[in-house]
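The opening residue of the sequence shown carries number 5 in the working numbering; numbering runs sequentially from there.
Think of the CB as a built atom: it goes at the ideal place given N, C-alpha and C, for glycine as much as any other residue.
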Amino acid sequence: MPREDGRVKFPSLRPARRRGRKKRGRGASPEPGPPQVPTGPPSQPVGTGTPDPAGEAPIAPVPAPAGGDGPPPAPGSPETPPGPESPLRPPAQGRVRWVPAAPENVRPGERPAVSPIRYVILRLTRGSYDQEIARYQQPETGESAHYVIRWQDGEITQMVREQDIAIFPGQAHWVEQGIVIAHELPSGVGVSPDTALWAASATLVREICDRYGIPRDRQHVLAAGEVPGCPDPPLPPTWGWDRYLERLQRASGIIVDSTMADRFFAGGQWRASNWNALRYGSSYHLARPAPVRDAAWFRVPIPAPGRYRVYTWYPSARAYNPAVPVALFTAEGVQVIHLDQRTGGGRWVPLGVFSFPQGDYWAVAVSRWTDHPGFVVADAFRFVWEAGGEKEPG
């Protein structure tokens, strides 16, 4: 439980045993019940600090241990998410094809490794679905989109790899950090949540947001006409932005991030940083390992008792820690999992399925208590309903 001085009473988080990756916490009472976790907010604000790339990048005094300090696995391996090297295949559709845009309409990039992807920008096509695809294939067009969606049945064509930049009129900040989706909307035809176009768009945007840690709000999922310098018309009023965002949030589960002041607590030894482009959202928190009870806590609103699949998001780097203790306060007790944060980050990493009681409480803690060198990172967690309650929450 967090104390006034920012420390936490967390006796179960000791250094990881080398033989095991997971350990169950055991309480003194044999009777089952919900874990004893804090219910009130911490009495001290979160330590923020100033991003310091020079202090986080290659750290000579704290080298990564040998044997696992190489680069992350190549795209396409089981440890990495579906990358931009092949067309995305949303599960609700299945009809996705790859038709490359003219090279003159694309700017090569190395996103998100070199520069982040922070926005999803929704456009309307100028003509029909086929006409828009043909237009992006013409070198003189001077613009393109990563994806084009057909109104009739929601078919998706990918024309630009996500790592590259689709050129469209607008200020460079949004162009360089956005993924652009063009939507076919025939003249005189409306679009609403019950159309195939709308459903396909929501599915595609949800998976893009999950892959790159893009917040699902109107500041990061927006119409092209809202981008400064872009003359595109707004999406029609029947688009239903409230329901669109609700669809994105409901499908993505419960997400708690270290940027949420009412959902995150850490002592003064933790500091915020935005140095690593593989982060979730705008920043994350990190601290040096030490044998102290000084965890970073996440408060999770569990809407109903039951089983939830838990994921974590962290940016990975060679200078990070290979055995970070993460404690989950479940209905059966404290479950401690150790993460290797040197590789495999920049995506939602599954931790397993656990039972949680209903309530709004501090359900996750990331501990600094590890005997391995390298920064400990706390970024974001995601809870997705699995089963076990009287009804599905929400």
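Taking the C-alpha atoms as reference points, what is the distance between residue i and residue j?
i: residue 293; j: residue 211; result: 33 Å
i: residue 376; j: residue 234; result: 50 Å
i: residue 160; j: residue 388; result: 26 Å
i: residue 196; j: residue 202; result: 6 Å
i: residue 171; j: residue 372; result: 43 Å
i: residue 167; j: residue 365; result: 38 Å
i: residue 205; j: residue 252; result: 10 Å
i: residue 270; j: residue 301; result: 6 Å
i: residue 169; j: residue 370; result: 35 Å
i: residue 237; j: residue 315; result: 38 Å
i: residue 275; j: residue 325; result: 16 Å
i: residue 403; j: residue 313; result: The structure shown does not extend to residue 403, since the chain is modelled only from 5 through 398, so no value can be given for it.
i: residue 27; j: residue 339; result: Model confidence at residue 27 stands at a pLDDT of 42, short of 50, so the residue's coordinates are unreliable; what they give is reported in the following sentence. Going by the C-alpha atoms only, they are around 6 Å apart.
i: residue 109; j: residue 207; result: 26 Å
i: residue 263; j: residue 278; result: 11 Å
i: residue 334; j: residue 362; result: 10 Å
i: residue 103; j: residue 145; result: 16 Å
i: residue 259; j: residue 182; result: 22 Å
i: residue 150; j: residue 240; result: 21 Å
i: residue 296; j: residue 273; result: 11 Å
i: residue 198; j: residue 111; result: 35 Å
i: residue 332; j: residue 254; result: 22 Å
i: residue 107; j: residue 143; result: 7 Å
i: residue 347; j: residue 223; result: 30 Å
Could you tell me whether the Cβ atoms of residue i and residue j are closer together than 8 Å?
i: residue 129; j: residue 180; result: no
i: residue 178; j: residue 123; result: yes
i: residue 381; j: residue 345; result: yes
i: residue 257; j: residue 386; result: yes
i: residue 319; j: residue 349; result: yes
i: residue 127; j: residue 121; result: no
i: residue 152; j: residue 186; result: yes
i: residue 125; j: residue 193; result: no
i: residue 283; j: residue 217; result: yes
i: residue 401; j: residue 176; result: This structure leaves residue 401 out entirely; the chain is present only between 5 and 398.
i: residue 384; j: residue 261; result: yes
i: residue 158; j: residue 200; result: yes
i: residue 327; j: residue 374; result: yes
i: residue 281; j: residue 132; result: no
Taking 7 Å as the cut-off, does the CB of residue i come closer than this to any heavy atom belonging to the ligand NAD?
i: residue 151; result: The model depicted lacks the ligand NAD and carries no ligand whatsoever.
Given that a residue counts as buried once 16 or more other Cβ atoms are within 10 Å of its Cβ, and exposed if not, what is residue i?
i: residue 245; result: exposed
i: residue 173; result: exposed
i: residue 356; result: exposed
i: residue 138; result: exposed
i: residue 285; result: buried
i: residue 232; result: exposed
i: residue 136; result: buried
i: residue 304; result: buried
i: residue 117; result: exposed
i: residue 77; result: With a pLDDT of 30 at residue 77, under the threshold of 50, the modelled position of this residue cannot be trusted; read the value that follows with caution. Classification of residue 77: exposed, given that the 10 Å Cβ count is below 16.
i: residue 394; result: Unreliable placement is indicated for residue 394, whose pLDDT of 43 sits below 50; no coordinate value is reported for it.
If I'm right that residue i touches residue j with Cβ under 8 Å, what's the distance once you round it to whole angstroms?
i: residue 2; j: residue 155; result: Given a span of 5 to 398 for the chain in the structure shown, any question on residue 2 remains unanswerable.
i: residue 311; j: residue 390; result: 4 Å
i: residue 352; j: residue 266; result: Residue 352 to residue 266, Cβ: 22 Å. No contact.
Kindly indicate which residue of the options has the alpha-carbon position closest to the one of residue i.
i: residue 306; options: 251, 215, 359, 135; result: 359
i: residue 250; options: 225, 170, 239; result: 225
i: residue 342; options: 350, 354, 335; result: 354
i: residue 164; options: 239, 236, 296, 147; result: 147
i: residue 219; options: 295, 317, 140, 193; result: 317
i: residue 329; options: 304, 252, 298; result: 298
i: residue 323; options: 268, 274, 290, 332; result: 290
i: residue 134; options: 162, 107, 119; result: 162
i: residue 287; options: 268, 295, 239; result: 268
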